[in-house]
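**Student:** What follows is a structure written as structure tokens; I'll ask about it next.
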Amino acid sequence: MLVIILPIVAGTFAYRSLPKEGEPEISAPVAIVVTLYPGASPSEIESLVTNPIEAALSDLKDVEEMRSNSAEGVSVVVIDFQAEADLERSLQKVREKVTDARKDLPDDAEDPEVNEISFSDIPIMIASVVGDIDPVRLRRLTEDVADEIELMPEVLEAEVAGGLIREIQIYLDPDRLSQYGLTILDVYQAVKQSDINVPGGQVNMEGRRLLLRTLTEIKKVDDYNRVPLIHQGDRVVFLKDVATVIDGHSEDVTYS
């Protein structure tokens, strides 16, 4: 998320009807506070990270507008200063207040980073990508294009936003879990530790569901069905014995 806001040239690919925009005339500098909290959902980011930071910055002087975005694993707070503001002094105040707010943030969250942005000499491009193909495949193709764009020397980073993210959904049967003396946590640990848990993915527990999301390739549902959970005598209890595994998708939701 940081590279979306602080680019040399930033390409953001969305699957909604976004207009193309080149070199917007934005002269007033702004400050941006970026805080990473890996694994946290957008709602958790909003309540545990974004809200405390916004509260700490609420009494800043010479602020034209403050806005925020809470996405999975990252909080971004943007402060637009008035044209007559002393930028260096304002940035220092932002850093002091963010440092004070650190104690109110989760221990697992990374330290917030405060940076200045000046858009007066930064060209920004927003491009839409649409296609009559599976939305999950469209996102993967768009990510491939973004990777190629990043190889250009003029580009700091190209970031993909929106669309659908492939998600393996594991629906657990509580009666079968009880039959084998298993808990949801047992299944969670087994899936996380299995060889098919690809790098870059994450497993979330939501009630009686386990959700595996990743930006890299996910193997077939059968691979998950065959994840061993426990041995009972000569028999191995597999994931398919206590759950239904579905190859689905999740919308890439953010809170603004």
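According to our numbering, the sequence shown is numbered sequentially starting from 362.
We put the beta carbon where it would ideally sit given N, CA and C, even for glycine.
#1: Which stretch, first to last residue, makes up the alpha helix (DSSP H) that contains Val410?
#2: Tell me, please, whether the segment 415 to 428 touches the segment 443 to 452 by the rule of three or more beta-carbon pairs shorter than 8 Å.
#3: Quick check on Ile545: does DSSP put it in helix, strand or coil?
#4: Looking only at C-alpha atoms, which of Val582, Leu546, Tyr541 sits nearest to Arg596?
#5: Considering Gly497, what are the terminal residues of the alpha helix (DSSP H) in which it resides?
#6: Check this for me: beta carbons of Asp583 and Arg537, under 9 Å apart or not?
#7: Can you tell me which of the three DSSP states Ala551 falls into?
#8: Secondary structure at Tyr398, three-state DSSP: helix, strand or coil?
#9: Got a sec? Which residues, its chain only, sit under 8 Å from Lys458 by beta carbon, not counting five neighbours each side?
#10: Starting from Gln443, trace the alpha helix (DSSP H) both ways and give me its first and last residue.
#11: When DSSP labels each residue in this structure, what does Asp317 get in the three-state scheme?
#12: What number of angstroms, rounded off, separates the C-alpha of Asp461 from the C-alpha of Leu452?
#13: Determine the extent of the beta strand (DSSP E) in which Val597 is found, giving its start and end residues.
#14: Just grab the DSSP bridge partners of Val475 for me.
#15: Within this structure, are the beta carbons of Val394 and Glu477 separated by less than 9 Å?
#16: Could you have a look at Ser419 and say whether DSSP puts it in helix, strand or coil?
#17: Using three-state DSSP, classify Tyr585 as helix, strand or coil.
#18: Taking a contact to mean a Cβ-Cβ separation below 9 Å, would you say Gly609 touches Arg527 in this structure?
#19: Does the Cβ-Cβ distance between Val588 and Gln530 come in under 9 Å?
#20: Please say whether Leu533 and Ala470 have beta carbons closer to each other than 9 Å?
#21: Contact defined as beta carbons within less than 8 Å: I believe Val410 pairs with Ser436. What is the distance between those atoms, to the nearest angstrom?
#22: For the beta strand (DSSP E) containing Arg428, list its first residue and its last residue.
#23: Does DSSP classify Ala462 as helix, strand or coil?
#24: According to DSSP, simplified to helix, strand and coil, what is Glu515?
**Tutor:** Judging by the given coordinates:
#1: Annotation: Val410 is outside any alpha helix (DSSP H) and is labelled neither H nor E by DSSP.
#2: Yes, the segment 415 to 428 touches the segment 443 to 452.
#3: Helix, per DSSP.
#4: When each option's Cα is compared against that of Arg596, the closest is Tyr541.
#5: One point to set straight first is that residue 497 is Val, not Gly, in the sequence displayed. Its alpha helix (DSSP H) spans residues 496 to 511.
#6: Taking 9 Å as the Cβ cut-off, Asp583 and Arg537 do not qualify as a contacting pair.
#7: Helix.
#8: DSSP places Tyr398 outside both helix and strand once states are collapsed to three, so it counts as coil.
#9: The answer, listed in chain order, is Ala417, Leu418, Leu421.
#10: Run containing Gln443: none; DSSP gives neither H nor E here.
#11: No answer is possible for residue 317: it lies beyond the span of the chain, which begins at 362 and ends at 617.
#12: So the alpha carbons of these two residues sit roughly 14 Å apart.
#13: Element bounds for Val597: 596 to 599.
#14: Val394, per the DSSP bridge assignment.
#15: Contact flag unset, no.
#16: Looking at Ser419 - three-state DSSP - the assignment turns out to be coil, as it is neither helix nor strand.
#17: Looking at Tyr585 - three-state DSSP - the assignment turns out to be helix.
#18: Yes, these two residues count as a Cβ contact at 9 Å.
#19: 9 Å or more divides the Cβ of Val588 from the Cβ of Gln530.
#20: For Ala470 and Leu533, no; Cβs fall outside 9 Å.
#21: Val410 to Ser436, Cβ: 4 Å. Contact.
#22: Where Arg428 is concerned, the enclosing beta strand (DSSP E) starts and stops at 424 to 432.
#23: Helix at Ala462.
#24: Coil, per DSSP.
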